[in-house]
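Written out below as structure tokens is the structure these notes cover.
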Amino acid sequence: MKEYWTSLASLLGVLAFCQSLLQVIFPPELRFACLKVFNRVFNLFSSYCYFDITEIDGVNTNELYNAVQLYLSSSVSTNGSRLSLTRALNSSAITFGLSNNDCIVDTFNGVSVVWEHVVTQRQAQTFSWRPLPEEKRGFTLRIRKRDKSLILDSYLDYVMEKANEIRRKNQDRLLYTNSRGGSLDSRGHPWESVPFKHPSTFDTLAMDPVKKREIMEDLKDFANGQSFYQKTGRAWKRGYLLYGPPGTGKSSMIAAMANYLSYDIYDLELTEVHNNSELRKLLMKTSSKSIIVIEDIDCSINLTNRKKNNNNNTSTRNYYDPEMRCGSVPGPGEDGGNSITLSGLLNFTDGLWSCCGSERIFVFTTNHIEKLDSALLRCGRMDMHIFMSYCSYPALMILMKNYLGYDESDLDADVLKQLAEVVDKAEMTPADISEVLIKNRRCKPKAVSELLEALKTRANRNLLQNGILREKNSEDIMEDEEQEKRALESPPNEGSEFEEPCKKQEEEDEEKMK
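For reference, each letter of the sequence shown is one residue, going -16 to -1, 1 to 498 in mature numbering (1 follows the signal peptide of the UniProt record, and there is no 0).
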């Protein structure tokens, strides 16, 4: 046993001597040069090329590294055997990733590429104002040399685009509102946000299915239309005007649009904006892939129809009057000192400042479209006008499905016939019908019967009101006709009530002259 350990020690001594001799004969610089030459020769005859994507580029985080990591999570979850799990801030989903020094094969346009996640220990750091992680992370992309142009031109852009889609889908959407009085938060932002958890979708929205499908297709064309807008030279934005009676689902429509496109919502309160300059600054601080909403725009500030104001005002005005150039402007004491003009709002939606971001939707809502200025309603500002009407029969069936779980096949044919006959005459909003169903949702037959009774009652009341209105209108017409008839039948030489005093005055004047 002693001889064994003696021979082993002798062997280790010989190896150490050889290593020392190699270091003297082949110093590190020479070994590095030989390794570099070997790599060049190997790459010359190799059919592959390699690209390294490090986690940190200098002192900044490499955005491409994060995008690759997020993109590979969709493939790793099905193909990988050993995975790492992460959950980002403000995210509702867990993402999968490659483990250390693991590989995965991806395919793009029929071309196969290999991704390897390389993790090595970082060398000892000297003093630094920003300490780096102990581990050095990165991805190595291996591709064939003949596919180099395809990968560099298209594949990496595709990876970035898919990563943004995954990030937007996993990240919780936010609902923003402008700070009171134009103040800034602790980070210097004029918007305050809360998580957006509204459950409304186009599936649950009580609306005519044909109109609903038309809106969804328009939204999808907009979201996928980046190349179209660039080709046509238009800013990548679109405007929607939602108008109709209160309770017809305008706010639910906005929530359904946000959930359908996975966009954030910026709820702009115009009464808290002092002037046009502040309005532009708010627009600059909004993000892409967002919906900018102004609800009840006819009630927010004084931006009513200029034509009606001009017709009602008989006095002459100068062109240089601010109201003639910019729409109605509140006085110093109105609207809390708000001085937003119609011109400022038009530039906000369709001026040069409206294109400082991309992929944004403007949504205005109003209960009285006739009060809005025509300049605000034209295409390019409000591209699509959506009338939110009273509840129709198809919308009623959607509400029955939402609240009671009833399809048309679950209801009696006679009940369906009565509902179809009375729902349009009743002119009830989806909000009113929803309340009837919510109150009786525990007893579904009672809910249907009470809803039918409420619809009949409202239809009869509308019929009675329409009848009274028609009678009143007919009486007014008959009275006008009688007055016109009497005026035509009266003799042309018949004096008026002012004629006798005039005659007396003339006689007195004649006597004085005599």
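Built from N, CA and C at the ideal position, the CB exists for glycine as well.
Using 10 angstroms around the beta-carbon of residue 34, count the other beta-carbons present and answer buried if the total reaches 16, otherwise exposed. The sequence position of residue 34 within the sequence shown is 50, counting from 1. When all chains shown are included, residue 34 counts as exposed.
Measuring alpha carbon to alpha carbon, tell me which residue in 120, 410, 208 and 94 is nearest residue 149. For the purposes of this step, residue 149 is taken as the residue at position 165 of the sequence shown. It is 208.
Can you tell me the Cβ-Cβ gap for residue 328 and residue 383, rounded? I've got them flagged as a contact below 8 angstroms. Translated into the one-based positions of the sequence shown, residue 328 becomes position 344. Translated into the one-based positions of the sequence shown, residue 383 becomes position 399. Contact flag wrong, Cβ pair sits at about 40 angstroms.
Would you mind sorting residue -4 into buried or exposed? The rule is 16 or more other CB atoms within 10 Å of its CB. As a first step, residue -4 must be located in the sequence shown, where it is residue number 13. By the neighbour-count rule (16 or more Cβ atoms within 10 Å), residue -4 is not buried but exposed.
Just how far apart, CA to CA, sit residue 210 and residue 274? Your numbering for residue 210 matches position 226 in the sequence shown. Your numbering for residue 274 matches position 290 in the sequence shown. Taking the straight line joining both Cα atoms gives about 15 angstroms.
If we count the other Cβ atoms within 10 Å of its Cβ and call it buried at 16 or more, is residue 135 buried or exposed? Indexing the sequence shown from 1 puts residue 135 at position 151. Label assigned to residue 135: buried.
Leaving out five residues on either side along the sequence, give the residues of the same chain with a beta carbon under 7 angstroms from the beta carbon of residue 337. Taking the sequence shown and counting its residues from 1, the one referred to as residue 337 is at position 353. Cβ within range, chain order: 264, 267 and 331.
C-alpha gap between residue 319 and residue 402, whole angstroms: Counting from one through the sequence shown, the residue named residue 319 turns up at place 335. Counting from one through the sequence shown, the residue named residue 402 turns up at place 418. Its pLDDT being 44, under 50, residue 319 is placed unreliably in this model, and the value from its coordinates should be taken loosely. Taking the straight line joining both Cα atoms gives about 49 angstroms.
Coarse secondary structure for residue 319, derived from DSSP in three states: The residue given as residue 319 occupies position 335 in the sequence shown. Interpretation of residue 319 is limited by its pLDDT of 44, a score under 50 that renders its predicted location unreliable; the figure taken from the coordinates is listed afterwards. DSSP places residue 319 in helix when its eight states are reduced to three.
Please classify residue 89 as buried or exposed, where buried requires at least 16 neighbouring CB atoms within 10 angstroms. Locating residue 89 in the sequence shown gives position 105, counting from the first residue. Under this definition residue 89 is an exposed residue.
Grab the span of the alpha helix (DSSP H) containing residue 262 for me, first residue to last. In the sequence shown, residue 262 corresponds to position 278, counting from 1. Looking at the DSSP string, the run of the alpha helix (DSSP H) that includes residue 262 is 260 to 268.
Taking the CB atoms as reference points, tell me whether residue 32 and residue 129 lie closer together than 8 angstroms. Within the sequence shown, the letter at position 48 stands for residue 32. Within the sequence shown, the letter at position 145 stands for residue 129. Cβ atoms of residue 32 and residue 129: closer than 8 angstroms.
Bridge-paired residues (DSSP) for residue 372: Locating residue 372 in the sequence shown gives position 388, counting from the first residue. None; residue 372 has no bridge partner.
Distance CB(residue 443)-CB(residue 420) smaller than 8 angstroms: As a working note, residue 443 is residue 459 in the sequence shown. As a working note, residue 420 is residue 436 in the sequence shown. Their beta carbons are not under 8 angstroms apart, which means residue 443 does not touch residue 420 by this criterion.
Quick check on this structure: which residue in 425, 422 and 417 has the alpha carbon closest to the alpha carbon of residue 437? Numbered from 1 along the sequence shown, position 453 holds the residue referred to as residue 437. Considering only alpha carbons, the answer is 417.
Taking the C-alpha atoms as reference points, what is the distance between residue 205 and residue 245? Residue 205 sits at position 221 when you count from the first residue of the sequence shown. Residue 245 sits at position 261 when you count from the first residue of the sequence shown. The alpha-carbon atoms of residue 205 and residue 245 are separated by roughly 11 angstroms.
In the DSSP assignment, find the alpha helix (DSSP H) that holds residue 215 and state where it starts and stops. Position 231 of the sequence shown, counting from 1, holds the residue named residue 215. Residues 210 to 216.
Since residue 217 contacts residue 365 with CB under 8 angstroms, what's their CB separation in whole angstroms? Counting from 1 along the sequence shown, the entry for residue 217 is found at position 233. Counting from 1 along the sequence shown, the entry for residue 365 is found at position 381. So it is not a contact: roughly 17 angstroms between Cβ atoms.
Boundaries (first-last residue) of the alpha helix (DSSP H) holding residue 328: Within the sequence shown, numbered from 1, the residue matching residue 328 stands at position 344. Its alpha helix (DSSP H) spans residues 326 to 334.
Beta-carbon contacts of residue 151 that lie in its chain and below 7 angstroms, excluding the five residues immediately before and after: Mapped onto the sequence shown, residue 151 falls at position 167. Closer than 7 angstroms at the Cβ level, and outside the excluded window around residue 151, lie 54.
Do the region 176 to 190 and the region 229 to 242 touch if we need at least three Cβ pairs shorter than 8 angstroms? yes
Applying the criterion that 16 or more other CB atoms from any shown protein chain within 10 Å of the CB defines a buried residue, is residue 398 buried or exposed? To locate residue 398, count along the sequence shown from 1; it is residue 414. By the neighbour-count rule (16 or more Cβ atoms within 10 Å), residue 398 is not buried but exposed.
Among residues of its own chain, excluding the 5 on either side of residue 391, which ones have a beta-carbon nearer than 7 angstroms to its beta-carbon? Translated into positions along the sequence shown, residue 391 becomes position 407. Excluding residues within five positions, the ones whose Cβ falls inside 7 angstroms are 385.
Going residue by residue through the region 355 to 437, where are the continuous beta strand (DSSP E) segments of at least 3 residues, counting only ones entirely within it? 368 to 371
Quick one: measure Cβ to Cβ for residue 228 and residue 371, integer angstroms, because I've assumed they're closer than 8 angstroms. Looking up residue 228 in the sequence shown gives position 244. Looking up residue 371 in the sequence shown gives position 387. Sure, about 6 angstroms apart at Cβ, within 8 angstroms.
Under a three-way DSSP split, which group does residue 251 fall into? Here residue 251 refers to the residue found at position 267 when the sequence shown is read from its first residue. Three-state DSSP puts residue 251 in a strand.
Have a look at the DSSP bridge pairing and note the partners of residue 352. For the purposes of this step, residue 352 is taken as the residue at position 368 of the sequence shown. Answer is none; residue 352 lacks a bridge partner.
Taking the alpha carbon of residue 126 as the reference point, which residue from 379, 99, 105 and 139 has its own alpha carbon closest? One-based indexing of the sequence shown puts residue 126 at position 142. Selected option, being the one with the closest Cα: 99.
Count the other CB atoms, across all protein chains shown, that sit within 10 Å of the CB of residue 541; report buried if there are 16 or more and exposed otherwise. Here the chain has residues from -16 to 498 only, and residue 541 is not among them.
Can the beta-carbon of residue 253 be found less than 8 angstroms from the beta-carbon of residue 162? Taking the sequence shown and counting its residues from 1, one reaches residue 253 at position 269. Taking the sequence shown and counting its residues from 1, one reaches residue 162 at position 178. Cβ distance < 8 angstroms, so residue 253 and residue 162 count as in contact.
For my contact list, residue 439 and residue 412 are in at a C-beta cut-off of 8 angstroms; report their separation, rounded to the angstrom. As a first step, residue 439 must be located in the sequence shown, where it is residue number 455. As a first step, residue 412 must be located in the sequence shown, where it is residue number 428. Contact flag correct, Cβ pair sits at about 6 angstroms.
Within this structure, are the beta carbons of residue 281 and residue 250 separated by less than 8 angstroms? In the sequence shown, residue 281 corresponds to position 297, counting from 1. In the sequence shown, residue 250 corresponds to position 266, counting from 1. Result no, Cβ atoms of residue 281 and residue 250 do not sit closer than 8 angstroms.
Taking the alpha-carbon positions, what's the residue 423 to residue 193 distance? Stepping through the sequence shown from its first residue, residue 423 is reached at position 439. Stepping through the sequence shown from its first residue, residue 193 is reached at position 209. If I take the Cα positions, the gap works out to 26 angstroms.
Do you know whose CA, among 185, 441, 183 and 159, lies nearest residue 176's CA? Against the sequence shown, residue 176 aligns to sequence position 192. The candidate whose alpha carbon is nearest that of residue 176 is 159.
In whole angstroms, what is the alpha-carbon distance linking residue 500 and residue 52? Absent from the model: residue 500. The displayed extent of the chain is -16 to 498, so no value can be given.
Does DSSP put residue 123 in a helix, in a strand, or in coil? Position 139 of the sequence shown, counted from the start, is the residue given in the question as residue 123. Three-state DSSP puts residue 123 in a strand.
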